[in-house]
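First residue of the sequence shown: 4, per this note's numbering; consecutive thereafter. The beta carbon of each residue, even a glycine, is placed where N, CA and C say it ideally should be.
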Amino acid sequence: MSEDWIITLVALAASAGIFAFSTWKAGRPSDPLNISLINYNYISLLAIVAFLLAVAHVITLVTGTPFRGRW
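Right, here's the structure in full:
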């Protein structure tokens, strides 16, 4: 297994784990005495974007051809 596959699979697992954790934290009831400085909904959104980019990279690794731009 090449380095590209290992890095991509680690990125997939990490982004899925971060998404699961941040979704769990965002779904918990708020505590008025403990103010959170992190909005976990935004962290979930960034994790989804990272996951989709990693999936696109997996597609390029499987097919062997990189994505081309529109222009």
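Cβ pair Val-25, Ile-38 closer than 8 Å: According to the sequence shown, residue 25 is Ser rather than Val. Using a Cβ distance threshold of 8 Å, Ser-25 and Ile-38 do not count as a contacting pair.
Assigned exposure category for Ser-5 - 16 Cβ within 10 Å defines buried: exposed
Residue burial classification, Thr-63 (beta-carbon count within 10 angstroms, cutoff 16): exposed
Chain-order list of residues whose beta-carbon lies under 6 Å from that of Ala-1 (same chain, five-residue window excluded): There is no way to answer for residue 1, as the model of the chain reaches only from 4 to 74.
Continuous alpha helix (DSSP H) stretch holding Trp-74: start and end: Counting along the chain, Trp-74 falls outside any alpha helix (DSSP H), and DSSP gives it neither H nor E.
For Ser-47, the first and last residue of its enclosing alpha helix (DSSP H): 43-66
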